[in-house]
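Notes for the one structure printed next.
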């Protein structure tokens, strides 16, 4: 993308973000006319500083972190989710006021706005708690001509863990414990293991060595590995027992595992072409394809893929973003899709980026039983 176009898009984004934040401030002040000047200054300061703090802590976190920067990052990133709901609540209040006037009656704006904002607080509290409430998602998938040694075996899919400022060692330990409890034959990590906000993740990666899977642990990159520095991620992971795949096919007892990495920054990578070039190594044989995002479905099916495992979307993280991801990814943003001998499972993942809240989306560990 040309630099001038990036500049135009950046300016447009700043104008939209700035305008929407001003609209929120204007709405709050109008809804509560009895508000003191001091309270107005506090609200204005919060609305201005929180987005700025998110950008600053995202940059600082790449160099090094402490408890203070992590707390600021968590609060400021959460703000974008809260902001979205406050914005929707404000629009709802304005609509209610307009409709009331249209039909010749009045509502107490301050009371109605208070009810809407309390609802926002409730949604936020639920969303934050739900973001850490990871659950097992059991799926059964049939693969043609599956070798006997793989029948009934389990595969655990880890994806979008986003290790960094919010999701740290404790979360990784929990995922490993839940994984081991399922007694998987194989574990696959379909990208975004890291968030890109922490420059030192050796300690978290080392926890992966505790995974017990007889057929091994296999990793492909997502977009956040690119942000974090893919060479560094590769180097750190190679100190563990995780097998880092690089656009290749591995034979695992008659089951072919295909792993294609996410395009690097500035790389003009034709993923369907890469998959097609690998097809002679797996076509007509039982196979599983790992790619970070649920894209190029028709090409994967044409190449002879049996099972594609993807993530990336987080199922939108929170309503109404999940409606947008469903539209963008043409219904493949989450769940199981089957077309003939081709099956796709897109997981909502375990961790998150940005607002640490899930509403209408679960933190899940897919456990795929093969038959």
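In our numbering, the protein residues as written are 925 to 1295. Using N, Cα and C, we set each Cβ at its ideal position, and we do this for glycine too. Since this is a predicted model, take the numbers as computed values, not measurements.
- For residue 1061, the uninterrupted beta strand (DSSP E) segment begins and ends at 1059 to 1065.
- By DSSP's assignment, residue 1110 forms a beta bridge with 1079.
- The continuous stretches of beta strand (DSSP E) do not include residue 1201, which lies in the alpha helix (DSSP H) extending over residues 1195 to 1202.
- The shortest C-alpha to C-alpha distance from residue 1016 to any of 1043, 1004, 1002 is the one to 1043.
- A contact is defined here as three or more CB-CB pairs under 8 angstroms, and the segment 1097 to 1117 meets this definition with respect to the segment 1139 to 1155.
- The three-state reading of DSSP puts residue 1257 in coil, since its state is none of H, G, I, E or B.
- Separation of residue 1160 and residue 1059 (C-alpha to C-alpha, rounded to the nearest whole angstrom) is 28 angstroms.
- In the structure shown, residue 1215 adopts coil according to DSSP, grouped into three states.
- Note on geometry: alpha-carbon atoms of residue 1069 and residue 1287 lie some 32 angstroms from one another.
- For residue 1067 and residue 1137, the gap between their C-alpha atoms comes out near 20 angstroms.
- Our two residues, residue 1216 and residue 1036, have alpha carbons roughly 44 angstroms apart in a direct line.
- Residue environment analysis places residue 1126 among the exposed positions, since fewer than 16 neighbouring C-beta atoms fall within 10 angstroms of its C-beta.
- Pairwise C-beta distances place the segment 1259 to 1279 in contact with the segment 1229 to 1240, as three or more of them are shorter than 8 angstroms.
- When the five nearest sequence neighbours on each side are left out, the beta carbons in the same chain lying within less than 6 angstroms of the beta carbon of residue 1164 are those of 1129, 1132, 1133, in order along the chain.
- DSSP links residue 1234 through a beta bridge to 1270.
- Contact annotation: the segment 1097 to 1111 touches the segment 1070 to 1084, with at least three C-beta pairs closer than 8 angstroms.
- Residue 1157 carries a helical assignment under DSSP once its states are collapsed to helix, strand and coil.
- In the structure shown, the three-state DSSP call for residue 1189 is coil.
- The segment 1038 to 1052 and the segment 1091 to 1099 do not touch, with fewer than three beta-carbon pairs separated by less than 8 angstroms.
- About 7 angstroms separates the beta carbon of residue 1218 from that of residue 1257, a gap short enough to meet the 8 angstroms contact definition.
- Here residue 1249 has 1237, 1240, 1257 as same chain residues with Cβ atoms under 6 angstroms from its own Cβ, once five neighbours each way along the sequence are excluded.
- Boundaries for residue 1132: no beta strand (DSSP E) harbours it, and the DSSP string shows neither H nor E there.
- In the displayed model, residue 1138 falls within coil according to three-state DSSP, outside both helix and strand.
- For residue 993, the enclosing alpha helix (DSSP H) covers residues 991 to 1026.
- According to DSSP, residue 1290 shares a beta bridge with 1061.
- In the displayed model, residue 1220 falls within coil according to three-state DSSP, outside both helix and strand.
- Beta-bridge analysis with DSSP links residue 1183 to 1172, 1214.
- Straight through space, the alpha carbons of residue 1289 and residue 1002 are spaced by roughly 23 angstroms.
- Counting along the chain, the unbroken alpha helix (DSSP H) around residue 1097 starts and ends at 1093 to 1105.
- Around the beta carbon of residue 939, fewer than 16 other beta carbons lie within 10 angstroms, which makes this residue exposed.
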